[in-house]
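There are 2 protein chains.
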Amino acid sequence: MTERFDLYYWPGLQGRGEFPRLVLEAAEAPYRDMGRLDEAEGGGVSAMMAILETGIGGRIPFAPPFLVEDDRLVAQAAEVSAHLGERLGLAPQAEADRLFARTIALTTADLVAEAHDTHHPVGTGLYYDDQKPEARRRSEEFRRERMPKFLGWYERLLSANPSGFLVGDRLTYVDLGLFQIVEGLRYAFPRRMAAIEANYPRVLALHDRVAAHPPVARYLASPRRLAFNEDGIFRHYPELDGA
Amino acid sequence: MTERFDLYYWPGLQGRGEFPRLVLEAAEAPYRDMGRLDEAEGGGVSAMMAILETGIGGRIPFAPPFLVEDDRLVAQAAEVSAHLGERLGLAPQAEADRLFARTIALTTADLVAEAHDTHHPVGTGLYYDDQKPEARRRSEEFRRERMPKFLGWYERLLSANPSGFLVGDRLTYVDLGLFQIVEGLRYAFPRRMAAIEANYPRVLALHDRVAAHPPVARYLASPRRLAFNEDGIFRHYPELDGA
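Which chain is which? The protein sequence lines are A and B, in order. Numbering-wise, the first sequence is residues 1 to 243 according to this note's numbering. Numbering-wise, the second sequence is residues 1 to 243 according to this note's numbering.
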């Protein structure tokens, strides 16, 4: 097996690519962030588009992010994160825990999709400006119903696990995912998060623990960690927030 | 390991539970469909709700469907399907193929979520009647942009694989998933599917091949295969369809 991972994602935003990127960074794995790499070195959006067009050996991703590792092509943020976590020592060892970690990762991916749809409830092919009334309505529902439901679920998992991690007794890729969720929700819905986040003390404690994990702390302080912005999944549109 | 699988899902509809159910049926695996089982035998919605409330050994599913197998609890339709496929001989053997199958399964889950959101674009907590204008707009976008994009992607995967299956050289759980997608889209959007489905001959051929697979054919002819209805993911609301 190679010791190199090529992660493909849009440059200029965290987006869904941030979930596998956090796994690579937390594991201090050697990787190339292909979308941000110079075209002269085989990177850039054109290199990514070429793989989306023709795939590699018949394996065609539907959308970024995707990972290329030797003859493997893995797409979908949750699947790339799980695969990397299992490859790089950031996944549980026991089979039952490993399966439940995947369950958590897919649920996190659902939350990400719902956070995205707060600003794109009609369709990804349209601009936010073309779906503002729908976005307002969906965001209200998301803030009132979905945020407490998802955050409450993570809190219940943490209540059931004395280690303070979501599954097993050490840091795994799903903890990194929850860290990113808290970061994203705080960015996109600061008023709502300020109003409710104290209800989820174990979630916040895990967030802080992940942020303090040395490789993660170094990554967050580096220029590789982009700021959130309004091209990503978590977007701060004040009209979509509210306590 | 036990030879028994307990699948938990809402009774009375296919929904997301149909994806793992098809894997169990295609493998002729012994399983209990817990939501449909008598309460006297430990089944019913109350048994499902109890696990959603307290979990099993600290593993709490966010939502149905979920599978209980010994000390394992696995949720998320795509993850349950992948796990069952790998356990029951309906997944690729080679690691690279196995990973790509999971990529396909998660993409299929995205399509399922988008099909659901055509009738619930504002929120799952609201009735369809409370979000009809938004549903009409989202459905138009789904029919015009998303259906061809997803179906075209499956078609390209099949074009690249001479076996006629999505990955590898034999039937796997992701082929069962695509079968269900075609069934669901034909039910929910009959006019749109009639207009475009001939553009995807390999998808249709695989659908027919899955339907003719003897254990699947027996299942489809049995009372265990419920009819589609307007409680499920794929709902036929004529006002949301169109060529």
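Even for Gly, the Cβ is constructed at its ideal location relative to N, Cα and C.
Query	Result
Straight-line gap, Pro215 of chain A to Leu204 of chain A (C-alpha atoms, nearest Å)	19 Å
Within 7 Å, strictly: CB atoms of Leu90 of chain B and Ala160 of chain B	no
Cut-off 7 Å between Cβ atoms - residues of its own chain near Arg191 of chain A, not counting five sequence neighbours on either side	Asp241, Gly242 and Ala243
Which of helix, strand or coil DSSP assigns to Phe179 of chain B	helix
For Val74 of chain A, the three-state DSSP class (helix, strand or coil)	strand
Three-state secondary structure (DSSP) of Glu230 of chain A	coil
Among A:Asn199, A:Val167, A:Glu155 and A:Leu171, nearest to Leu99 of chain A - alpha-carbon criterion	A:Val167
Cβ neighbours of Tyr219 of chain A in the same chain (closer than 8 Å, five flanking residues each side left out)	Leu22, Glu25, Ala26 and Arg225
C-beta neighbour in chain A for Asn199 of chain B, strict 7 Å	no
The region 38-57 of chain B touching the region 103-117 of chain B, judged by at least three CB pairs closer than 8 Å	no
Proximity winner among B:Leu67, B:Gln93 and B:Arg72, relative to Ser81 of chain B (alpha-carbon distances)	B:Leu67
Closer than 7 Å to chain A by CB, Leu175 of chain B	Before going further, note that residue 175 of chain B is Asp rather than Leu in the sequence given. No, because no Cβ of chain A sits closer than 7 Å to the Cβ of Asp175 of chain B.
Sheet register partners of Arg32 of chain A (DSSP bridge)	A:Asp6
Local conformation of Ile56 of chain B per DSSP, three classes	strand
Contained alpha helix (DSSP H) runs [length at least 4] in the region 160-214 of chain B, N- to C-terminal order	173-188, 190-196 and 201-212
Cβ separation of Met250 of chain B and Leu7 of chain B, assumed to be a contact under 8 Å, to the nearest whole Å	This structure gives no information on residue 250 of chain B, because the portion of chain B shown stretches from 1 to 243.
Leu99 of chain B (DSSP reduced to helix, strand or coil)	helix
Any chain B beta carbon closer than 7 Å to Pro65 of chain A	no
Pairwise C-alpha distance: Arg87 of chain A and Phe5 of chain A	11 Å
Minimum C-alpha distance to Glu69 of chain B - residue among A:Arg32, A:Ser222 and A:Ala96	A:Ala96
Val68 of chain B in three-state terms, based on DSSP	strand
Where Arg72 of chain B meets chain A, residues with beta-carbon distance less than 9 Å	Glu95, Ala96, Leu99 and Phe100
The alpha helix (DSSP H) enclosing Pro133 of chain B, as first and last residue numbers	Lys132 to Glu141
Close-in-space but distant-in-sequence residues of the same chain around Arg136 of chain A (CB under 7 Å, 5 per side omitted)	Glu239 and Leu240
Arg138 of chain B and Val122 of chain A closer than 7 Å at C-beta	yes
Glu244 of chain A, buried or exposed, once every other Cβ within 10 Å from all chains shown has been counted against 16	With chain A covering only 1 through 243, there is no way to say anything about residue 244 of chain A.
Expected contact under 8 Å - CB spacing of Ala188 of chain A and Phe234 of chain A to nearest Å	4 Å
Closest Cα partner of Leu178 of chain B within the set B:Trp10, B:Ala78 and B:Pro30	B:Ala78
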